[in-house]
Ligand SMILES: [Zn+2]
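Residue numbers (this note's numbering): 134 to 558.
1. When every heavy atom of ligand 1 is checked, does at least one fall within less than 7 Å of the C-beta of residue 487?
2. Relative to ligand 1, is the shortest distance from any of its heavy atoms to the C-beta of residue 390 smaller than 7 Å?
3. Assuming residue 318 and residue 342 are in contact, meaning their beta carbons sit under 8 Å apart, how far apart are those beta carbons, in whole angstroms?
4. Is any heavy atom in ligand 1 found nearer than 7 Å to the beta carbon of residue 226?
5. Exposed or buried, what is residue 541 when buried is set at 16 or more other beta-carbons lying within 10 Å of its beta-carbon?
6. Please give me, in chain order, every unbroken run of the beta strand (DSSP E) with length at least 3 that falls completely inside the stretch 343–416.
7. I'd like the list of long-range same chain contacts for residue 304, defined as Cβ closer than 7 Å, with 5 residues on each side in sequence excluded.
8. Could you give the DSSP three-state label for residue 542: helix, strand or coil?
9. Out of 493, 498, 447, 424, which has the shortest C-alpha to C-alpha gap to residue 474?
10. Does the stretch 454–466 come within contact of the stretch 478–492, defined as at least 3 CB pairs closer than 8 Å?
11. Using the C-alpha atoms, what's the distance from residue 229 back to residue 524?
12. Is it the case that the Cβ atoms of residue 386 and residue 444 are separated by a distance below 8 Å?
13. Going by other Cβ atoms of all chains shown within 10 Å of its Cβ, with 16 needed for buried, is residue 484 buried or exposed?
14. May I ask you to list the residues that DSSP assigns as paired with residue 520?
15. In the structure shown, what three-state DSSP assignment does residue 257 receive?
16. I want to check one thing, is the minimum distance from the CB of residue 396 to the heavy atoms of ligand 1 below 7 Å?
17. I'd like to check one pair, residue 395 with residue 431: are the Cβ atoms closer than 8 Å?
18. Name the DSSP beta bridge partners of residue 207, please?
19. Rounded to whole angstroms, what's the CA-CA distance from residue 177 to residue 309? Just pull it up for me.
20. Can you give me the C-alpha to C-alpha distance between residue 338 and residue 487, rounded to a whole angstrom?
21. Note down, in chain order, each residue of its chain lying with its Cβ closer than 6 Å to the Cβ of residue 497, except the 5 sequence neighbours on either side.
22. Could you tell me which of 521, 551, 537, 555 sits nearest to residue 236, measuring between CA atoms?
23. Roughly how many whole angstroms lie between the Cα atoms of residue 389 and residue 403?
24. Please confirm whether any heavy atom of ligand 1 lies closer than 7 Å to the CB of residue 491.
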């Protein structure tokens, strides 16, 4: 990992820029996929699955019987682990549904305003498959959808070469109450959810991570009027460390994030060269025995250490970067945490590895990347809901508002508005 020693503030902006992933012709490919799916529906989906994934399938939707058969093949210890993760994620997310939206406010005598939450009716969840079937993502997307009470929840995931779906994905889907699973992946899955076909329902909002094709397809779907969770970029981890940190722990955390993909970025921010040096040595040592060494190595090329003057400069840098994940490996993490203004998810202290949040501590692992943490939150029950505002106005309330509304309507030249009040007086 490259080390920047006390870089001047003027260079921070450039340091905080994410590595660019080339995606030249993606736009054209995505448009073609959407056009074909709109025109030929299921036929196009089956053809793309053959063309892109080399898999021949006959039926996109998987039968209930088949889902439960595959789910049963999940090893018992993994089932137990998924159950505990499900319980923790549900406990944390359920606490969010005790909202403050129903507070009714009487703004003037006889004028009552309030908000109520409603679930988004139809949602589509995308779960990447292939070499690493992300059944943890089924929980992270499915639990908040279940708690929100979405009417229709469908899941798309690419099949293995024999057309099957990973047992743990089927098992996790059962826990979160999803019974419609479609074996379809990539941009064509997103197009199917956005457009709807004979087999797949059109949804109101699409959720889930994916490669650059999936992300580009989600952006395209958004331009076609279908909502998406957030623009997902390569994963990121920043570790903020002081002399109290355990360098082996930090190295393990950096590598755990680096193994996500060759385009992941991991960053160490510290206040002493000694920390940077020993973390660097530990990373090199631990990397040797990693099964996903090649991927992690590539990610480390996009990664770096920054040594800064003091804790406050380090924190300033972290807030400027706005990491998806931020580990505070410092002596007083609670104090530091209060000063964090931009981050997707924060992990406090030497015993809160990012891996815990990826799977089972309870927080969501779908988080804003690429600096979006400056303005966006991670996924929550709210992402599957919207709030509707209500008002109830009595005759006296209308009288109380009349002069105000009429004066404003008149000044804006909207006579019909003025009259709509006048007629009631
Ligand atoms: Zn991770």
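Think of the CB as a built atom: it goes at the ideal place given N, C-alpha and C, for glycine as much as any other residue.
Let's see:
1. True, at least one ligand heavy atom lies under 7 Å from that Cβ.
2. yes
3. Separation of the CB atoms of residue 318 and residue 342 is rounded to 12 Å, and the pair is thereby denied contact status at 8 Å.
4. For ligand 1, not one heavy atom lies less than 7 Å from the Cβ of residue 226.
5. exposed
6. The stretch 343–416 contains these whole beta strand (DSSP E) runs: 369–374, 398–403.
7. 204, 207, 212, 215
8. helix
9. 447
10. Between the stretch 454–466 and the stretch 478–492 there are three or more inter-stretch CB-CB distances shorter than 8 Å, so the stretches are counted as touching.
11. 25 Å
12. no
13. Exposed, by the Cβ-count rule.
14. For residue 520, the pairing in a beta bridge is given by DSSP as 250.
15. strand
16. no
17. yes
18. Residue pairing from DSSP leaves residue 207 without any beta-bridge partner.
19. 30 Å
20. Residue 338 and residue 487 have their alpha carbons spaced roughly 28 Å apart.
21. 273, 511, 512
22. With distances taken between Cα atoms, residue 236 lies closest to 521.
23. Computed Cα separation, rounded: 19 Å.
24. yes
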